[in-house]
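Chains as they are written, first to last, in the working numbering: chain D, 1 to 457; chain F, 458 to 1402.
Don't be surprised by glycine CBs; every beta carbon is placed ideally from N, CA and C.
Since we're looking at a predicted model, the values are computed, not measured.
Data block below; observations after.
Here's what the structure looks like:
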């Protein structure tokens, strides 16, 4: 720690000095091919896998019994499922932002973290994708939300934001997958060449799709990658905009607000960066990747978090302002109910998590203190979950007619599915770490030149 | 034999029964028939029409020709169709708890009777509930003729002892009183819930609310003063309401009587009159009483004073005297001969029976209906005494607490399964015909008694017909029989109002006011100086409906509790005793105690606690057992309706109650709009100004176009009394599931129409508002746009339709519904298993499965039935052809449905009224259901406290 701290005095590089092309390839591929799988991996995977089994068990029970096993009721028709969906989708955003937008902006520093962040996106979307399906009363009819020719001549109802959601999320999942996979192809080639056992050679051989590293391959790769980045960029904005429409298009006070799209996108990036930090800080420690994921990376991410966190805080402020300015008694009641009603503790916890705590990031000390950064990231993760809870639950539980007001609380099954989805996410994450290069090998090699230059300077 | 062809499929009575409309050649599949019959509660009949699909009765509607119904029914009549099909009803004759046969029973009884014949039946006792059936009375008389020393006792927990005793005090004889509210301008109710729990209540409701349908400039509105302890529906609609302890109400009655000069005119000496006990808790009561008295005096001949059943006989006497002095007799008050076949003071009757049993002089006890073991006063120790009877026989619908202690239990046929007759509150006779042969082989009371008068095996039909043949001899008997069955009433059988003369034997009235034992300092100082009030439960009655899921789950009109009773008390009392909702307390009264959860009821009188009896059944069926606590355990013969000296002790435990409404205030929103008559006459536009729809031009989209019909509804909040009959009627019509207490507690009840109840103002005596809320069928429905699969759509007649088959259950529509009228099947709530319950369902309405949304359809099946009929006749659907279930049942005629494209329809005219407004109109949803604002008619002499 002390050593790291010293380095921050001068702007630290994106890759620690002394690395060559060979050393980078060796180090990253060894995580998969040669180094013994660390005990921690087995423990972590075991826990995550168990949680995933909890998820499968809970979903089975849910399908047997119905959504009544959750805490839902009338008026609160949406609960943990939707909260978790928005939370996971939000987390996914950082990945796409890092890989696509930062690529287009030629932010070199993204290189060390983009692969990992993209994988995180993909798994977060996978975890998110479960929820819209299982939250339905009759999930076996999910395909009715998709436009397909059928004998009933019935189409989805295109005015419904849920239908937009189907398109937005599935497009997003598909593009993220392609983007991630395309980026992996050159590395699969390297792994194929370095693999010692037959199975790994065959497997990486297939995955690398005949990558030989010829100039033509590189040319095509670069073009495809850039195009996909171009495609993914608007998606970063659109997905969460459309997710926010699920709320903004409704007439419920607390949902019906024009600020929702930008506020949701910022919140998503905020949550996503928090999650990247949450994951990457232990990872670089365990795998000794401090050389590749340097303090500078962490600081950059902290800055992005601070910026998006401030946008989110502005969003909260504007919600309150608009409620007052609207003159609508329902809107005004909604905001007062959030602050003083039965869910006030949740609301104030959210404010502390998302607005107060991140202010520490203004200070360099906290930006570069790995432990503090990790703690803040966890707090923001929690805060963003609470934010979705507040948006979904407090808006619904007291809407227009006081006679229908109610309360909502998650049941055992709400929590088991939530934690189970975290299990699914980490299970996928652990498998990814074990069999795929968590840091892009070939892109890291492009940084070597830069790092040498820095030493010379 | 109209129904003979169906005998293979469903059980049908073998005798001919007469359909209401026209005797059909044969049943047309899919086309329901309506049969007139009657249902009794507390002995009194309410005429009903029963809808029958292919021989299965499915729905009860009121009989417009019946004086006690006028087309409406109460919640109990609605739910009795479910009782008919209740799978928990007893299905077999048992002897000593083991299955036996009717033959064995008959043999055993013959042996018993032979033994009793030697001593003229001195050891035989018959215990019935209140009997108004001439045929049954005739049978019992025949029996008593044969066994002259046998005795007939009557008891039921909600009896009319006090009013009968009051009549006896005043007139020296039993006479019944009934009222004409159409002529009553000023009404004083002394703890009388004449809108809900009095025989004739449906008629009174129609008449009373008929005088409150105020239109602009039309000021002929009645005025109700209600004095009561437990908030009731009459109190909720009253223009002036005073909450007093039960013992204080009698003091107030005396004070009013004094103001009206009753003591002097009748030479009465009000010995126990102690105004101090009144003034101590209600300091402003003096001017109130004077204003009331002068209002009554101003309306001689058009005023009305009613005393509730719980008030002591002396108060009833005073009320008779007041009505007489005010010239109301013959105008708003009518006296008739007692409607009950053999009126007795039931409390005395059951006491006598108990002491006979204790003395060992009872050898054979025939309990015909009723559940005395559960519902007799606690001080009688009925179970212990009954155990001394050598042979105990119980005829009842359920194998209940009493059956358990009886040697023989005989399953009783349901009212809808048997022939019988009964009288209404005014004496009008109805012949009752079965809709279906006994599902579980039950015997009617007639068939049961036939065993004891040497006519075993004679059917109810023959018993009834033979009896009436003796009463109506002549060639036209068949005409009488057919017409009476067809109409559901026997024409001209209402008792003629008669003259009564005051014969007051004892001119010195002593009414215990309990002031000696109640602290006079107003607020309760300790937990010991309380009064306890007993009342039948508003939904399960005296416990007889405990196994009825509809009634159990029906929110109690004012507390909105379901599945439980509670110790009800005022906010001030709860605060003084440091009690909060759901805290379990031990209620100690007269050396007995029960534990009950507390429920705070705004408007309840201070220093007293109301407990509803009927709960706490130990053998009440799958649903009825172990719900609530047994308040009968505290009720005594001395004080059946209220008692002094109640003590509360905290237990430190809590008990979860399931209420359907968690929030009681409107939060200043303009949901129920109300004003006084004066304000309204002055400024007719005031309701509109409280909030209205945005201009059409504000929408980007063109409005929907309706070339044919355009359905709409208007709900008159000034008429709605909040009785909840619409909720049960809707449940019955639309196959709505019962979900159980745990689901209600989670907020998942399924009722398509609910009656919201709001309090406004001071919680010690608030304004109480009722507002029935069902789907508003919005023009710009927020639910329609958010459904991803188009499962809820707008019809070309303006209905917001729900396509169950298409619904995938995202619940987005419910979230986006500002009125929260949508209901979701979180589990598989519908019972797909129990075959008897399947028979009950309305075949015109889909049974909903798990995972889908449902809601009010404006009874689209009824719209389509009317449409088919109209098309066949090649005409338009005319106004009144379609009557929704909620509208049909409403005793207050508060709900009107029809075509708003037709400016002449009733609903269009109501919507053009100044009182018409829509809730949440400012959202631009443009609801098709609108409300007519509430008007109060306070006495200008009484300033609002």
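Cut-off 7 Å between Cβ atoms - residues of its own chain near residue i, not counting five sequence neighbours on either side
i: residue 561 (chain F); result: 552
i: residue 1363 (chain F); result: 1336, 1353 and 1355
i: residue 1202 (chain F); result: 1113 and 1115
Host beta strand (DSSP E) of residue i (start-end)
i: residue 1216 (chain F); result: 1211-1217
i: residue 1065 (chain F); result: 1065-1070
i: residue 1172 (chain F); result: 1168-1173
i: residue 388 (chain D); result: From DSSP, residue 388 (chain D) is part of no beta strand (DSSP E) but of the alpha helix (DSSP H) over 370-389.
i: residue 282 (chain D); result: No beta strand (DSSP E) contains residue 282 (chain D), which is instead part of the alpha helix (DSSP H) from 260-286.
i: residue 1045 (chain F); result: 1040-1046
i: residue 219 (chain D); result: No beta strand (DSSP E) contains residue 219 (chain D), which is instead part of the alpha helix (DSSP H) from 215-248.
i: residue 498 (chain F); result: 490-498
In DSSP terms, what residue i is bridged to
i: residue 1115 (chain F); result: F:1019
i: residue 1334 (chain F); result: Note: residue 1334 (chain F) sits in no beta bridge, so no partner.
i: residue 633 (chain F); result: F:793
i: residue 1391 (chain F); result: F:1131
i: residue 1101 (chain F); result: F:988
i: residue 726 (chain F); result: F:965
i: residue 993 (chain F); result: F:1070
i: residue 309 (chain D); result: BP columns for residue 309 (chain D) are empty, so no partner.
C-beta contact flag for residue i and residue j at 9 Å
i: residue 634 (chain F); j: residue 501 (chain F); result: no
i: residue 1265 (chain F); j: residue 137 (chain D); result: yes
i: residue 132 (chain D); j: residue 174 (chain D); result: no
i: residue 470 (chain F); j: residue 891 (chain F); result: yes
i: residue 1082 (chain F); j: residue 826 (chain F); result: no
i: residue 792 (chain F); j: residue 954 (chain F); result: yes
i: residue 1198 (chain F); j: residue 938 (chain F); result: no
i: residue 292 (chain D); j: residue 24 (chain D); result: yes
i: residue 800 (chain F); j: residue 631 (chain F); result: yes
i: residue 427 (chain D); j: residue 51 (chain D); result: yes
For residue i, three-class secondary structure by DSSP
i: residue 1237 (chain F); result: coil
i: residue 932 (chain F); result: coil
i: residue 702 (chain F); result: coil
i: residue 464 (chain F); result: Because residue 464 (chain F) carries a pLDDT of 46, less than 50, the predicted location of this residue cannot be relied on, and the following value inherits that uncertainty. Three-state result, residue 464 (chain F): coil.
i: residue 1248 (chain F); result: coil
i: residue 1257 (chain F); result: strand
i: residue 944 (chain F); result: helix
i: residue 845 (chain F); result: coil
i: residue 1124 (chain F); result: coil
i: residue 198 (chain D); result: helix
Cβ-based neighbour list, residue i, same chain, cut-off 6 Å, excluding 5 preceding and 5 following
i: residue 73 (chain D); result: 406
i: residue 698 (chain F); result: 683 and 692
i: residue 1121 (chain F); result: 1216
i: residue 1069 (chain F); result: 992, 994 and 1022
Segment limits, alpha helix (DSSP H) that includes residue i
i: residue 363 (chain D); result: Premise fails: residue 363 (chain D) is in no alpha helix (DSSP H) and is neither H nor E.
i: residue 913 (chain F); result: Unbroken run through residue 913 (chain F): none, as it is neither H nor E.
i: residue 429 (chain D); result: 412-435
i: residue 1026 (chain F); result: Per DSSP, residue 1026 (chain F) belongs to no alpha helix (DSSP H); it is in the beta strand (DSSP E), 1024-1026.
Own chain partners of residue i with C-beta closer than 8 Å, once the 5 adjacent residues on each side are dropped
i: residue 613 (chain F); result: 499, 500, 586, 587, 803, 827, 832 and 999
i: residue 404 (chain F); result: Only positions 458 to 1402 of chain F appear in this structure, which leaves residue 404 (chain F) out of reach.
i: residue 125 (chain D); result: 88, 89, 92, 169, 172, 173 and 176
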